[in-house]
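A.B. asks: In terms of this note's numbering, the numbers along the sequence shown are unbroken and rise by one, the last being 509. Below: one structure in structure tokens.
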Amino acid sequence: MTDRLPPLREVIAAHGLAARKSLGQHFLLDLNLTGRIARAAGDLAVGTTIEIGPGPGGLTRALLDCGTRRLIVIERDDRAIAIQSEIAEAYPGQLEIIAGDALEIDAASLGEAPRRIVANLPYNISTVLLLQWLRQASAFESLTLMFQKEVVDRLAAGPRSPDYGRLSVITQWLCEVRPLFNIDRRAFTPPPNVMSTVVQLIPRPAPLAPARLEVLERVTAAAFGQRRKMLRSSLKALGDAEAILAAAAIPPTRRAEELSVAEFCTIAQVVGS
Numbered sequence: 237m238t239d240r241l242p243p244l245r246e247v248i249a250a251h252g253l254a255a256r257k258s259l260g261q262h263f264l265l266d267l268n269l270t271g272r273i274a275r276a277a278g279d280l281a282v283g284t285t286i287e288i289g290p291g292p293g294g295l296t297r298a299l300l301d302c303g304t305r306r307l308i309v310i311e312r313d314d315r316a317i318a319i320q321s322e323i324a325e326a327y328p329g330q331l332e333i334i335a336g337d338a339l340e341i342d343a344a345s346l347g348e349a350p351r352r353i354v355a356n357l358p359y360n361i362s363t364v365l366l367l368q369w370l371r372q373a374s375a376f377e378s379l380t381l382m383f384q385k386e387v388v389d390r391l392a393a394g395p396r397s398p399d400y401g402r403l404s405v406i407t408q409w410l411c412e413v414r415p416l417f418n419i420d421r422r423a424f425t426p427p428p429n430v431m432s433t434v435v436q437l438i439p440r441p442a443p444l445a446p447a448r449l450e451v452l453e454r455v456t457a458a459a460f461g462q463r464r465k466m467l468r469s470s471l472k473a474l475g476d477a478e479a480i481l482a483a484a485a486i487p488p489t490r491r492a493e494e495l496s497v498a499e500f501c502t503i504a505q506v507v508g509s
């Protein structure tokens, strides 16, 4: 790690950056881990790298030290923005700071392609942010993200797994899911209640199977909303469930947790036709 800036703990103390629960903040100060995340993101020397909620800047520094050509950080905490300004001075021309709420910013329009997001996401908005980015998945080269481990388990789960659900289907339809490594809760300040996992999502050149996103969302919501019931019952909210399943060549006695992503897409095609 560069010696251009003071240690993270000194920076946190100088700026009074105590983690705020309301912002879902858990700071990762281990430089070996932030470096590992940055390296996992691949070649950062081209295009634009986007970080969400950089906080004291541990990952920010690692990304810059890994050769990031252009790094854009989105931060809503004024205390952290002041820290990011100091980092920007130490890395002239490489770091751009956007003060605002990531939920209200169109990350897909920032900088030049190829774009990638690398972030230790605030736990309280992580899934909402992910779904927002998935709607524009083709705009990104990769998403290297840290979530609670249980979220990554859901992203990567396959049929007949208790973790398999709507998030699994939508994510795998649009992206290749690569869980990378776990990070113990004790690595954070303050420690969260759960283990975290870094995962990389690689958007597919085209979705896994033909379907419209809004229809696939309706189908998976109905199916997994009553996941223990047979599809002939759980899909009634979509219309004549028996007819829909017959047209999709899927037995009506199957359950949501048994279907592949491609089979959900087939149902969505029937419903959307």
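All C-beta atoms in this analysis are idealised placements derived from N, C-alpha and C, irrespective of residue type, glycine included. For clarity, every value in this text was computed on a predicted model and none was experimentally measured.
Shortest alpha-carbon distance to residue 389 belongs to which of 454, 474, 346, 416?
C.D. replies: The shortest C-alpha separation from residue 389 is found at 416.
A.B. asks: Do you know how far the Cα of residue 306 is from the Cα of residue 329?
C.D. replies: Whole-angstrom Cα-Cα distance: 8 Å.
A.B. asks: Is residue 446 buried or exposed, if buried means 16 or more other CB atoms sit within 10 Å of its CB?
C.D. replies: With fewer than 16 Cβ atoms within 10 Å of its Cβ, residue 446 is classed as exposed.
A.B. asks: Report the residue from 293, 248, 354, 246 whose alpha carbon sits nearest the alpha carbon of residue 434.
C.D. replies: Nearest C-alpha to residue 434: 354.
A.B. asks: With 16 other CB atoms within 10 Å as the buried threshold, where does residue 290 fall?
C.D. replies: It counts as buried.
A.B. asks: Give the secondary structure of residue 421 by DSSP, where H, G and I count as helix, E and B as strand, and everything else as coil.
C.D. replies: If DSSP states are grouped into helix, strand and coil, residue 421 belongs with the helices.
A.B. asks: Just the Cα atoms here: how many angstroms apart are residue 372 and residue 454?
C.D. replies: Between residue 372 and residue 454, the C-alpha separation is close to 18 Å.
A.B. asks: What's the C-alpha gap between residue 407 and residue 321?
C.D. replies: If I take the Cα positions, the gap works out to 34 Å.
A.B. asks: Please report the straight-line C-alpha distance between residue 492 and residue 456, rounded to a whole angstrom.
C.D. replies: Between residue 492 and residue 456, the C-alpha separation is close to 8 Å.
A.B. asks: Under 6 Å Cβ to Cβ from residue 335, same chain only, skipping five residues before and after it: list those, please.
C.D. replies: Cβ neighbours of residue 335 beyond the five flanking positions: 317.
A.B. asks: Is it the case that the CB of residue 443 approaches a heavy atom of the ligand SAH more closely than 6 Å?
C.D. replies: By its list of ligands, the structure shown contains no ligand whatsoever, and the ligand SAH lies outside what it can speak to.
A.B. asks: Look up residue 330 in the DSSP assignment and say whether it is helix, strand or coil.
C.D. replies: Coil at residue 330, not helix or strand.
A.B. asks: Which complete alpha helix (DSSP H) runs does the region 330–389 hold, if anything under 4 residues is left out?
C.D. replies: You should have 362–370.
A.B. asks: Using C-beta distances below 6 Å, list every residue in its chain close to residue 405, excluding the 5 sequence neighbours before and after it, in chain order.
C.D. replies: The residues are 456, 497, 500.
A.B. asks: The alpha helix (DSSP H) spanning residue 469 covers which residue range?
C.D. replies: Its alpha helix (DSSP H) spans residues 467–470.
A.B. asks: I'd like to know whether the C-beta atoms of residue 380 and residue 277 end up nearer to each other than 7 Å.
C.D. replies: Yes, the pair counts as a contact, with Cβ atoms nearer than the cut-off.
A.B. asks: Which residues share a DSSP beta bridge with residue 285?
C.D. replies: Answer is 307, 352.
A.B. asks: In whole angstroms, give me the CA-to-CA distance for residue 274 and residue 394.
C.D. replies: Cα-Cα distance, rounded: 28 Å.
A.B. asks: Considering residue 455, what are the terminal residues of the alpha helix (DSSP H) in which it resides?
C.D. replies: Taken as a continuous stretch (DSSP letters only), the alpha helix (DSSP H) holding residue 455 covers 449–461.
A.B. asks: How many whole angstroms separate the CB atoms of residue 308 and residue 339, which I take to be in contact at a CB cut-off of 8 Å?
C.D. replies: So it is not a contact: roughly 16 Å between Cβ atoms.
A.B. asks: Three Cβ pairs or more, each shorter than 8 Å: is that satisfied between the region 435–443 and the region 456–469?
C.D. replies: Contact between the region 435–443 and the region 456–469 is absent, because fewer than three Cβ pairs lie under 8 Å.
A.B. asks: Can you list, in chain order, the residues of its chain with a C-beta nearer than 8 Å to that of residue 282? Leave out the 5 residues immediately preceding and following it.
C.D. replies: The residues are 305, 350.
A.B. asks: Please classify residue 293 as buried or exposed, where buried requires at least 16 neighbouring CB atoms within 10 angstroms.
C.D. replies: Answer is buried; the Cβ neighbour count reaches 16.
A.B. asks: Look at the alpha carbon of residue 270 and the alpha carbon of residue 471, and state the distance between them as a whole number of angstroms.
C.D. replies: The alpha-carbon atoms of residue 270 and residue 471 are separated by roughly 44 Å.
A.B. asks: Using only CA atoms, which one of 427, 383, 314, 503 lies nearest to residue 482?
C.D. replies: Nearest C-alpha to residue 482: 503.
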